[in-house]
Structures are given as C-alpha cells and as structure tokens.
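Okay, so here's the structure we're looking at.
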C-alpha cells in the first residue's frame, strides 16, 4: 500500500490584529501532492462553529450569510480576506483544506482581533491649583473613541510609581491624589493604548501652594520694611518743627522776663 497523503497547512501569523473598517488577511498556505483544486472551508469558532465561507479553489460555493456578503474572498493559497472588518468579526477562525485524492484534511487556527483606534485623550480636573496637606485632587482621563483601552498615568513623562496616597479607579481612568504634598507639584498626562494604537493627552500642570504656618500672615511692625530696624524714629519734618517751636518759645519767655525786669511804673 502506498503512503497516506495529507494536506499540509502553514500560517505566517497565528494572531491577526485588525482595524474596524479596514481589511484583514487571515493568511495560510497549503501544500499537496494532488493537482486537483482544494475544498477550502473557513469557520468561526463560537459556542457552536459558524461556517463563514466555503470554496472550491477560489470559487465560493453556497450562499453566504447576510453579514458576510460582499465582504469575503478566498484566495488561491486558501487565505481568507475580510473587508471591511466589523467588530463582530473578532474571534477564532479555523480553516480546513481537503483534496479528493488526499486521505487527511489539513487544519489551521488563526485568532482575529478587531478594534477601533483610540482618539487623543484629555485630562480634566476641577482645579489645577491646590493647597498642600488639606486637599485632594482628582484627575480624569477620557477619550471619544477606542476599544479595549488601557490607561497609564504619567508624571513628568514617567509612569507613576507606587504611593499609598495615589488611588486609581478599577479601570484606571481616574487618578486621585490624597493629602497633596509639595512633591506633587508637577506635570501630569495619561497614556491610552489598545492592541492597534495609542494616544497621549496634553500636559496638565498641577500647582501646589504651601500651607502657611499659624500666624504667618500677620504683618510685622518694622521700619521701612526692615525687620531688624525695630520701630521707626520720629519723622525728620516733625523733629525740625518741634525744635523751632521750642526755641521760639524760650526766646519769647526770655524777652518777657527782661522787659518786666526793666520796666518801672511812671510817677
């Protein structure tokens, strides 16, 4: 008896990351000793396998499901081209290639992910100026589009380190800094990534003001703004006027005494 014949299938990429609205190629290549056209069958593995397309060579046989019409092509090497991609196309695909003369059917599995690129994120905060020690601040990262988003918070361009004062929401979109310190005065941004794209927000400058100690706001009694000068001496103008008035008073008093001493009543 002759050796059993089989179809061998290879795949360049067991994982294909697709973009919604664009094309995706589930690329395979088969080899067979037979010159006959292969029967190619692509299925989408769900709870129950769904036949996506079946062809003899490149000619699709049967009627495609409504969701696949005008979006599928089977190429000569058995590859499946889907265009345009829908989010519902994501899943695990299995291809079977069989040829009449061959005893065994070749099979291969390819995983397809479909995503929408993330748009540029934005960081929102109620107030970008806070007082140290007595306040907390909450930063919210949001973006309009994108699937399977993952969030990373950056401080001065570097991922935030572990700190008991930093609280992240379960989805990591919201960062809360409790008991703000002067060390938190910096530039913050958020990075959003998914399997096909990434986006980074513009910088947000958080300004932290130092909390004044008790009595720090009371003005000091200083002379000319010099805290070492103590109280100011009398103003020069007042001193001069005081000297003039004092001297004039003394002169007037001496004159009156002299006049009284020299005056004699007439007989």
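Numbering (the numbering used here), first residue to last: 2 to 268.
All residues carry an ideal CB built from backbone N, CA and C; glycine is no exception.
In the three-state reduction of the DSSP assignment, residue 48 falls in the coil class.
Taking all protein chains in view, the Cβ of residue 56 is crowded by 16 or more other Cβ atoms within 10 Å, so the residue is classified as buried. A contact is defined here as three or more CB-CB pairs under 8 Å, and the stretch 179 to 193 meets this definition with respect to the stretch 148 to 156. Counted as a single uninterrupted DSSP element, the beta strand (DSSP E) harbouring residue 20 occupies residues 16 to 20.
The alpha-carbon of residue 123 is positioned some 6 Å away from that of residue 142. Residue 207 is positioned such that its CB atom lies no closer than 8 Å to that of residue 133. Per DSSP, the beta bridge partners of residue 98 are 41, 107. Two segments are said to touch when three or more pairs of C-beta atoms, one from each, lie closer than 8 Å; by this definition the stretch 109 to 117 touches the stretch 17 to 33.
For the set 69, 199, 200, 166, the Cα lying nearest the Cα of residue 184 is the one of 166. Of the other Cβ atoms in all chains shown, fewer than 16 fall within 10 Å of the Cβ of residue 210; this residue is therefore exposed. About 5 Å separates the Cβ atoms of residue 43 and residue 81, confirming a contact at the 8 Å cut-off.
Counted as a single uninterrupted DSSP element, the stretch harbouring residue 80 is not any beta strand (DSSP E), since DSSP gives it neither H nor E. In terms of Cα proximity to residue 34, the closest of 137, 107, 76 is 107. Per the C-alpha coordinates, the member of 40, 170, 50 positioned closest to residue 78 is 40. Between residue 9 and residue 32, the alpha-carbon positions lie close to 5 Å from each other. Per the coordinates, the alpha-carbon of residue 135 lies some 20 Å from the alpha-carbon of residue 188. Selection 50, 101, 64 evaluated against residue 95 yields 50 as nearest (Cα-Cα). Taking all protein chains shown into account, residue 23 has fewer than 16 neighbouring C-beta atoms within 10 Å of its C-beta and is therefore exposed.
In the three-state DSSP reduction, residue 67 falls in the helix class (H, G or I). Residue 25 is classed as buried because its beta carbon has at least 16 other beta carbons within 10 Å across all chains shown. Assigned with DSSP and collapsed to three states, residue 27 falls in strand. Out of 29, 179, 172, the CA that lies nearest to the CA of residue 76 is found in 29. Within the same chain, and ignoring the five residues on either side of residue 139 in sequence, the residues whose Cβ sits closer than 6 Å to its Cβ are 177. Closest in C-alpha terms to residue 197, from the list 203, 205, 147, 175, comes 147.
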